[in-house]
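Engineer: What follows is a single structure, and I will ask about it in a moment.
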Amino acid sequence: MVGLPVPFRYEYLMAETIFSQLLLLPHPPFKPMYYTLVIIDLCKALPGAFPAVVAGAVRALFEKIADLDMECRMRLILWFSHHL
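Residue numbers are given in the UniProt record's numbering: position 23 of the sequence shown equals residue 23, and the series is strictly consecutive.
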């Protein structure tokens, strides 16, 4: 996934997909720790791009946290605590 031959910045699409799966109701397809590990591995594999994309996604999610379902809030908070 790191070297996809596409003409656009796919990091945004990857981050959106990962977070949408993590916050999927009623349950994410995988355990929340899986998403933590995927994001950390992508940050290591794409150090020039992915950390900034994740930071932007986290900023946007926390700006809208009042609009999130309580379950999604808890998942986001738990993910962020693991990520730090």
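Ideal Cβ placement from N, Cα and C applies to all residues, glycine included.
1. Considering only the beta carbon of each residue, do Ala-49 and Glu-16 sit closer than 7 Å?
2. Can you tell me whether Val-6 is buried or exposed? The criterion is at least 16 other CB atoms within 10 Å of its CB, across all chains shown.
3. Which of the three DSSP states is assigned to Val-6 in this structure?
4. What would DSSP say about Pro-51, mapped onto helix, strand or coil?
5. Quick check on DSSP: helix, strand or coil for Pro-32?
Structural biologist: In brief:
1. Locating residue 49 in the sequence shown gives position 49, where the first residue counts as 1. Locating residue 16 in the sequence shown gives position 16, where the first residue counts as 1. No. Outside cutoff.
2. By 1-based counting over the sequence shown, the position of residue 6 is 6. Per the 10 Å Cβ criterion, exposed.
3. Here residue 6 refers to the residue found at position 6 when the sequence shown is read from its first residue. Val-6: coil per DSSP, three-state reduction.
4. For the purposes of this step, residue 51 is taken as the residue at position 51 of the sequence shown. The answer is helix: DSSP assigns Pro-51 an H, G or I state.
5. In the sequence shown, counting from the first residue as 1, residue 32 sits at position 32. Here Pro-32 sits in helix by DSSP.
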